[in-house]
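Written below as structure tokens is the structure these notes are about.
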Amino acid sequence: MLKELIMMFNKTSLSAKRLPIAFLILAFFAVFPSVCFSQEQSLEKIEALTRNEKICVPEAVLKDFRDGKPTARVIVNLRKPSAFIGSQNIKDMRVRQELEKSVNKAQERVIDAIDPMQIHITNRFRYIFGFSAEVSLDGLQDLTDNPNVLSIENDEILHAHLAQGIPLMNATTARSSYNGSGLAIAICDTGIDYTHTKLGGGGFPNSKVIGGYDTGQNDTDPMDGNGHGTACSGIAAGDFGTTGDYIGGVAHNAKLYALKITYTSSGDDAYTSDMIEAWEWCITHRNDDPNNPIMVISTSFGGGRHYSSCDSYSTAMTTAAANAVSAGMTLFVSSGNDGYCESMGWPACISHVISVGAVYDANFTASSIGWCVSSGSCATKYPTGECSTGWYSPEVPNSDNVIVYSNTASFLSLLAPSNWATTTKMGGGYWTSAYGFGGTSAACPYAAGAAACLQSANKALAGSFLTPTQVKAKLIDTGDAITDGKISITKPRVNLGAAVATLSVCPECSGDVVVLQNVTFPSGTTCECVGTTSITAGTGVTVQSGATVTFTAPTVKLQPGFHAESGAVVRIKQ
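Here our numbering runs 8 ahead of the position in the sequence shown, where the first position is 1.
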């Protein structure tokens, strides 16, 4: 049992995944030959760059050069004009357009001065003052000498980290009424198999997967060649319907956008710069379908280890996350599967995102199980040759317990269900409850789907979407407290029903001069609107049957377009 489970979750060996990178390096130097230097000269250059204040985390940026490789992938952060220092209202199209123009000018100033024989641009960001590139040692030196370059960081490689999970989150009733209708979830992952019957079942785009892009390989087809993104998509928003244990995604009426970030067709590794490009794509294309704006982003990728909020670790990634949230999108990231205690992976540790850890599914019945964990895990662990980490941790899998591999920290945001998730499988079919999809990779889209349901509920009840800050607060404040036994840290597990119950079912309708349009007073509610001077209820205002509304103001006007259904009660007090 242990061996089967460990082998299932072991990643493909890193050496196998280096082959595409080796090809890329050869291709780069076939086009951009460089001058050969003696090993001694190269070491001198490396040591000098180690002390350069523009190089962030030199051991990471310079590692490939120390290993004898001719190039390295980096992210270059540029100096900002004073007008763009500080946060920007990315949601405003005019602000976004001005920012994009300024970013482009800043990029051109640096790119025009570089030697294309030494520096190959891989990504030009839209809303971040910077770009990513593959550079030679001389190219890196040239960038540090450029006065318009603020800092240089490593373009790190990130790794891909239902029937029972939905009731565990108290989501069964809530999702029957508020199912994600009227919005979209962006899955930034290995792509989506949009031919699956629960994910549109046709070409691209289709009725479920309505858009997307492959940022990892820069093409317009985000078809999944790995399966990870397809599984995440089925959890978040797969179409409604019962197939075995699969009963559709949490937000089964939400639309999906597929952002494929992996740099090979079938791999599960991605460069940081391609993740950034995916988040920026979501900003640019948020309202491609005005009836289904992107309100939620789910990202089950990460790497590294951080013991506190890591906003300063990567200027580019942190800015990308802040921009996505500023644009009105709630961003979820899996915490990682290392079994860390008081630490988690990146970018989950960025303060702008909602980090998600994992608990056991409500219908998990195995008597015991062993999970691969990092040597740095505080969990009780034993050596094994079956795990790439060299360690495994056995435990009794009890419903709603934090799973031992789930990274936990005091700065973790939420917990959500994971093993074993029944969800959509690449090529058709489903991961089953016997050996299903798991990890914090599954917990992240569970939480993202819950957020989509919460947003559709608020839209239906109050006529507007919540801000990302409000979504985060409601999910955290209403979650059920679950303690991670390996470190005794308690965090909220998503309780969608409780979160929806906190929503104001009465539209905001108090003030001096109150003007109501396109709002609904739901059945079963009792609402009071108070206007110091006047209240005007006009086009699109509906009082449903069974609702009671009292309008109190010196002047109350019910204009054409106001509609009270049979059985509704409307009172006017002047």
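Even for Gly, the Cβ is constructed at its ideal location relative to N, Cα and C.
Going straight from the alpha carbon of residue i to that of residue j, what length do you get?
{"i": "residue 57", "j": "residue 47", "result": "15 Å"}
{"i": "residue 90", "j": "residue 135", "result": "15 Å"}
{"i": "residue 45", "j": "residue 70", "result": "Only weak support exists for where residue 45 lies, its pLDDT of 48 falling under 50; the value from the coordinates is given anyway. The alpha-carbon atoms of residue 45 and residue 70 are separated by roughly 16 Å."}
{"i": "residue 101", "j": "residue 192", "result": "19 Å"}
{"i": "residue 84", "j": "residue 398", "result": "36 Å"}
{"i": "residue 141", "j": "residue 557", "result": "60 Å"}
{"i": "residue 276", "j": "residue 565", "result": "59 Å"}
{"i": "residue 571", "j": "residue 546", "result": "9 Å"}
{"i": "residue 476", "j": "residue 333", "result": "6 Å"}
{"i": "residue 344", "j": "residue 310", "result": "7 Å"}
{"i": "residue 232", "j": "residue 351", "result": "31 Å"}
{"i": "residue 238", "j": "residue 539", "result": "50 Å"}
{"i": "residue 534", "j": "residue 413", "result": "47 Å"}
{"i": "residue 583", "j": "residue 331", "result": "What the structure shows of the chain is the stretch from 9 to 582, and residue 583 is not part of that stretch, so it cannot be assessed."}
{"i": "residue 629", "j": "residue 427", "result": "Nothing in the structure corresponds to residue 629, since the chain is present only between 9 and 582."}
{"i": "residue 431", "j": "residue 157", "result": "45 Å"}
{"i": "residue 234", "j": "residue 274", "result": "5 Å"}
{"i": "residue 386", "j": "residue 453", "result": "26 Å"}
{"i": "residue 99", "j": "residue 383", "result": "43 Å"}
{"i": "residue 298", "j": "residue 245", "result": "19 Å"}
{"i": "residue 433", "j": "residue 215", "result": "19 Å"}
{"i": "residue 447", "j": "residue 537", "result": "47 Å"}
{"i": "residue 342", "j": "residue 353", "result": "8 Å"}
{"i": "residue 182", "j": "residue 357", "result": "29 Å"}
{"i": "residue 393", "j": "residue 167", "result": "22 Å"}
{"i": "residue 248", "j": "residue 206", "result": "8 Å"}
Quick check on residue i: buried or exposed, where buried means 16 or more other Cβ atoms within 10 Å of its Cβ?
{"i": "residue 97", "result": "exposed"}
{"i": "residue 438", "result": "buried"}
{"i": "residue 223", "result": "buried"}
{"i": "residue 208", "result": "buried"}
{"i": "residue 466", "result": "buried"}
{"i": "residue 577", "result": "exposed"}
{"i": "residue 581", "result": "exposed"}
{"i": "residue 155", "result": "exposed"}
{"i": "residue 107", "result": "buried"}
So with Cβ pairs under 8 Å, would you call residue i a contact of chain D?
{"i": "residue 222", "result": "Of the protein chains in the structure, only one exists, and it is not chain D."}
If you measure between the beta carbons of residue i and residue j, is that distance less than 8 Å?
{"i": "residue 497", "j": "residue 416", "result": "yes"}
{"i": "residue 381", "j": "residue 346", "result": "yes"}
{"i": "residue 196", "j": "residue 269", "result": "yes"}
{"i": "residue 542", "j": "residue 522", "result": "yes"}
{"i": "residue 229", "j": "residue 212", "result": "yes"}
{"i": "residue 266", "j": "residue 199", "result": "yes"}
{"i": "residue 164", "j": "residue 280", "result": "yes"}
{"i": "residue 329", "j": "residue 355", "result": "yes"}
{"i": "residue 73", "j": "residue 54", "result": "yes"}
{"i": "residue 493", "j": "residue 410", "result": "yes"}
{"i": "residue 308", "j": "residue 449", "result": "yes"}
{"i": "residue 137", "j": "residue 77", "result": "no"}
{"i": "residue 325", "j": "residue 284", "result": "yes"}
{"i": "residue 464", "j": "residue 186", "result": "yes"}
Please list, in chain order, all residues of the same chain as residue i whose beta carbon is under 6 Å from its beta carbon, the five residues on each side excluded.
{"i": "residue 501", "result": "367, 423, 487, 488 and 490"}
{"i": "residue 127", "result": "141, 143 and 147"}
{"i": "residue 323", "result": "85"}
{"i": "residue 220", "result": "230, 265, 266 and 267"}
{"i": "residue 455", "result": "340, 364, 422, 424 and 502"}
{"i": "residue 525", "result": "546, 547 and 548"}
For residue i, which residues of its own chain have a beta-carbon under 8 Å away from its beta-carbon, when the five flanking residues on both sides are left out?
{"i": "residue 512", "result": "469 and 470"}
{"i": "residue 376", "result": "9, 402, 403, 404 and 405"}
{"i": "residue 160", "result": "62, 63, 64, 69, 82, 83, 84, 85, 148, 151 and 152"}
{"i": "residue 530", "result": "468, 469, 513, 552 and 555"}
{"i": "residue 574", "result": "553"}
When the Cβ atoms of the region 61 to 70 are set against those of the region 147 to 163, are three or more pairs found closer than 8 Å? yes
Decide if the region 460 to 469 is in contact with the region 255 to 266; the criterion is three or more beta carbon pairs, one per stretch, under 8 Å apart. yes
Whether or not the region 327 to 346 and the region 285 to 297 are in contact is what I'm after, with contact meaning three or more pairs of Cβ atoms, one per stretch, closer than 8 Å; do they touch? yes
Do three or more CB pairs link the region 473 to 486 to the region 503 to 516 at distances below 8 Å? yes
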